[in-house]
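In the order they appear, the protein sequences are chains R and Y. In terms of my numbering, the first sequence opens at residue 1 and continues consecutively. In terms of my numbering, the second sequence opens at residue 1001 and continues consecutively. Beta carbons are placed, not taken as given, at the ideal position from N, Cα and C, and that holds for glycine. Heads up: the structure comes next, in structure tokens.
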Amino acid sequence: MFPRTIIFLIIFLAVIFQVSFFPNFFGEKTIPDAVLLIVMFWSARKGFEMTLFRTVAAGFMLDLAIFGVPGMNMLSFALVAFGIGFLSKRFLVSDRAWRFFIILCIISAGTIANMAFLDIFSRVYGWANADEAPFFQVTLASYARPWVILSNLILFALIYYPMMRLEKSFDFYEARMSNQRKLF
Amino acid sequence: MPRKYLTSKLIKLIIVVGICFLLIFLNPKGFFNPVRGFFLRVAYPFQKVFYLSSHKVSSTFTFLSSISDLKKENNDLIKENNHLAGMVALLSSEKKENESLREQLNLVPRDKFDLESAFVIGQDMHGLGSWLLIDKGRSSGIDVDMPVIVFDGILVGKVVEVYGNTAKINLLTDSSSSINVLDLETGSKGIIKGEYGLGIVMDMVSQSDVINTGDTVVTSGLGSNMPKGFLLGKIQEVRATQDKLFQQALVMPRVKYSKLDVVFVVKN
């Protein structure tokens, strides 16, 4: 129960930071995706299945906060987390130097994928609701906004170690709780 | 699909995707508005504190980084002050003329509005939807479609969603924004539309009308409950539409929307 409450608070604070804190420090369209970063961190560390609930909760909360269509970020986060889980299982087994480089590549790929998914979903949603004409001239290059990727990488570097410590303390807490359950 | 590919992971992903599609499908009926209202009520104090504190810190950094330019800026300001002193004398006589013209044109005098000041506590982080979140809502008498201005009568958008203590403002740059406007110098009428957070365009101007670069664009008061005479910006570029049936003008807004911290909602 205790780790879940903390995780919920982390997601909530990440949403608040993304909507009400970062816009004052970053230029338009370069604001880091704090919520996406923590989702990517969790899915890279624990895999898609173990973090599915967190991913869905983070997406739903972000959808509520940004006045988006509920489900849109949830869907995008779920797909990105699935991809990150798949990639990290296969590539994050190398030595430390390469590991860091691979994490950067995975974060960049996740950022681009999230931008692409959100754009495509919102276009399809707009088209389905007759808000706007469909527009499918989508290229990968149009989502590779270097400043967003850079700000995401910087923020990820900043949150990586605190998040890692927190996760380790959760692991320790859960191990202790399961030992206690075995004893009693 | 062969059974070996249907792992529990993939099945869970398919279930989540299905649920998401269901949520997206349910949304047009406003199904989640009460949930969103509750979330915003809980998030409101956090958003207010975080936005205002980050705005203060950001302003301090901006000030510190501009110290090196202060000497040059001071000289420029002295020159400008001398110039303005001369202008004040000239404008005091024009003020009277302006008031009588305003009356003749039926523009609402700016001091007659019932304004509700509000702090900005959140904004669209990708700049694509172009919205602001303010710290006043239904409890302060704010309602949907009310115009939102900054202190000197410059229109920035209108209220589109209202909750207990917060409200969502769609900026003029939002693709869904559409407001009737006129060119103050020539009287040409058009509609202001947003360009996906990239700028604002005065559209649907008849080919026979005259619009010039540098002209001032104000609200015309036609259509919705938008009063006449709110300033939007100056025309930066005039061009013909693709089908050559109308003229379009690129309008340069008078304020930088991403830097707003206080706005006023026009209640009457």
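Within chain R, the residues that residue 1043 of chain Y reaches when beta carbons sit closer than 8 angstroms: Within the second sequence, the letter at position 43 stands for residue 1043 of chain Y. By Cβ distance, chain R contributes 12, 15, 16, 65.
From R:164, R:82, R:27, R:43, pick the residue whose C-alpha is nearest to that of residue 1011 of chain Y; which is it? What you label residue 1011 of chain Y is simply residue 11 of the second sequence in a count that begins at 1. The residue with the shortest Cα to Cα distance from residue 1011 of chain Y is R:82.
Beta-carbon proximity list for residue 151 of chain R, same chain, < 8 angstroms, skipping 5 on both sides: Working through the first sequence from its first residue, we reach residue 151 of chain R at position 151. The residues are 26, 30, 31, 32.
Top-ranked residue by Cα proximity to residue 1236 of chain Y, from Y:1200, Y:1159, Y:1015, Y:1263: Looking up residue 1236 of chain Y in the second sequence gives position 236. Minimum Cα distance to residue 1236 of chain Y is reached at Y:1200.
Report the rounded CA-to-CA distance for residue 1114 of chain Y versus residue 1266 of chain Y, giving the unit in angstroms. Position 114 of the second sequence, counting from 1, holds the residue named residue 1114 of chain Y. Position 266 of the second sequence, counting from 1, holds the residue named residue 1266 of chain Y. Going from the Cα of residue 1114 of chain Y to the Cα of residue 1266 of chain Y covers about 6 angstroms.
If you follow the alpha helix (DSSP H) that residue 1048 of chain Y is part of, which residue opens it and which one closes it? Along the second sequence, one-based indexing puts residue 1048 of chain Y at 48. Run containing residue 1048 of chain Y: 1033 to 1065, per the alpha helix (DSSP H) assignment.
Closest residue to residue 1023 of chain Y among R:169, R:71, R:172 (Cα-Cα distance): Position 23 of the second sequence, counting from 1, holds the residue named residue 1023 of chain Y. The candidate whose alpha carbon is nearest that of residue 1023 of chain Y is R:71.
State buried or exposed for residue 1059 of chain Y, treating a residue as buried only when at least 16 other CB atoms are found within 10 Å of its CB. To locate residue 1059 of chain Y, count along the second sequence from 1; it is residue 59. That one is exposed.
Beta carbon of residue 38 of chain R, beta carbon of residue 66 of chain R: below 8 angstroms? As a working mapping, residue 38 of chain R is identified with position 38 in the first sequence. As a working mapping, residue 66 of chain R is identified with position 66 in the first sequence. Against a cut-off of 8 angstroms, the Cβ pair of residue 66 of chain R and residue 38 of chain R comes out as no contact.
Shorter than 8 angstroms from the beta carbon of residue 136 of chain R to some beta carbon of chain Y? Translated into the one-based positions of the first sequence, residue 136 of chain R becomes position 136. Here the model assigns residue 136 of chain R a pLDDT of 45, short of 50, so the residue's position is not dependable, and the following value carries that caveat. No, residue 136 of chain R lies away from the interface with chain Y (no Cβ there is under 8 angstroms from its Cβ).
Please identify the residue among R:14, R:92, R:40 whose C-alpha is closest to the C-alpha of residue 62 of chain R. Residue 62 of chain R sits at position 62 when you count from the first residue of the first sequence. Cα-wise, what sits closest to residue 62 of chain R is R:14.
Best match in Y:1192, Y:1112, Y:1134 for proximity to residue 1120 of chain Y [C-alpha to C-alpha]: Counting from 1 along the second sequence, the entry for residue 1120 of chain Y is found at position 120. Nearest C-alpha to residue 1120 of chain Y: Y:1134.
Proximal residues of chain Y, C-beta to C-beta of residue 69 of chain R below 7 angstroms: Position 69 of the first sequence holds residue 69 of chain R. Neighbours of residue 69 of chain R on chain Y, chain order: 1024, 1027.
Using only CA atoms, which one of Y:1154, Y:1158, Y:1211, Y:1162 lies nearest to residue 1140 of chain Y? Within the second sequence, numbered from 1, the residue matching residue 1140 of chain Y stands at position 140. Comparing Cα-Cα distances from residue 1140 of chain Y to each of Y:1154, Y:1158, Y:1211, Y:1162, the minimum goes to Y:1162.
Is the Cβ of residue 41 of chain R closer than 8 angstroms to any Cβ of chain Y? Here residue 41 of chain R is taken as the residue at index 41 of the first sequence, counted from 1. It does not; no Cβ of chain Y falls within 8 angstroms.
For the structure I just gave you, are there three or more beta carbon pairs, one from the segment 74 to 91 of chain R and one from the segment 112 to 128 of chain R, closer than 8 angstroms? yes
Inter-stretch contact at 8 angstroms, needing at least 3 Cβ pairs: the segment 34 to 53 of chain R / the segment 171 to 181 of chain R: no
Tell me which residue opens and which closes the beta strand (DSSP E) that residue 1226 of chain Y is part of. Residue 1226 of chain Y sits at position 226 when you count from the first residue of the second sequence. That residue, residue 1226 of chain Y, is in no beta strand (DSSP E); it is neither H nor E in DSSP.
Which stretch, first to last residue, makes up the beta strand (DSSP E) that contains residue 1194 of chain Y? The count along the second sequence starts at 1 and reaches residue 1194 of chain Y at position 194. First-last of the beta strand (DSSP E) with residue 1194 of chain Y: 1189 to 1194.
Please decide whether residue 19 of chain R counts as near chain Y, where near means a Cβ-Cβ distance under 8 angstroms. Residue numbering aside, residue 19 of chain R sits at position 19 when the first sequence is read from its first letter. Yes, residue 19 of chain R lies at the interface with chain Y (some Cβ there is under 8 angstroms from its Cβ).
Counting contacts by CB-CB distance shorter than 8 angstroms, is residue 78 of chain R in contact with chain Y? What you label residue 78 of chain R is simply residue 78 of the first sequence in a count that begins at 1. Chain Y contact via Cβ: present.
Neighbour list for residue 53 of chain R in chain Y, Cβ cutoff strictly below 8 angstroms: Along the first sequence, read from residue 1 onward, the residue named residue 53 of chain R stands at position 53. Near residue 53 of chain R there are no residues of chain Y at all, since even the closest Cβ is about 10 angstroms away, more than 8 angstroms.
Quick one, which of Y:1132, Y:1050, Y:1087 has its alpha-carbon nearest residue 1260 of chain Y's? Position 260 of the second sequence, counted from the start, is the residue given in the question as residue 1260 of chain Y. Ranking Y:1132, Y:1050, Y:1087 by Cα distance to residue 1260 of chain Y puts Y:1132 first.
Interface flag, residue 960 of chain Y vs chain R, CB-CB below 8 angstroms: Coverage of chain Y is limited to positions 1001 through 1268, which leaves residue 960 of chain Y absent and any answer about it impossible.
Identity of the residue in Y:1042, Y:1238, Y:1122 nearest residue 1164 of chain Y by Cα: By one-based count along the second sequence, residue 1164 of chain Y stands at place 164. Selected option, being the one with the closest Cα: Y:1042.
Using the Cα positions of residue 1054 of chain Y and residue 21 of chain R, report the straight-line distance between them to the nearest angstrom. Position 54 of the second sequence, counting from 1, holds the residue named residue 1054 of chain Y. Position 21 of the first sequence, counting from 1, holds the residue named residue 21 of chain R. Approximately 6 angstroms between the Cα atoms of the pair.
Residue 42 of chain R classed as buried or exposed, judged by whether at least 16 other C-beta atoms fall within 10 angstroms: What you label residue 42 of chain R is simply residue 42 of the first sequence in a count that begins at 1. Buried.
What residues from chain R crowd round residue 1168 of chain Y, counting only those whose CB sits closer than 9 angstroms? Here the question's residue 1168 of chain Y lines up with position 168 in the second sequence. Those within 9 angstroms of residue 1168 of chain Y in chain R are 67.
Spatial distance of residue 87 of chain R from residue 167 of chain R (CA atoms): To locate residue 87 of chain R, count along the first sequence from 1; it is residue 87. To locate residue 167 of chain R, count along the first sequence from 1; it is residue 167. Each residue's alpha carbon lies about 20 angstroms from the other.
Run through the DSSP bridge pairs and tell me what residue 1131 of chain Y is partnered with. Numbered from its first residue, the second sequence carries residue 1131 of chain Y at position 131. Y:1170.
Contact the segment 147 to 166 of chain R vs the segment 99 to 112 of chain R: 3+ CB pairs below 8 angstroms: yes
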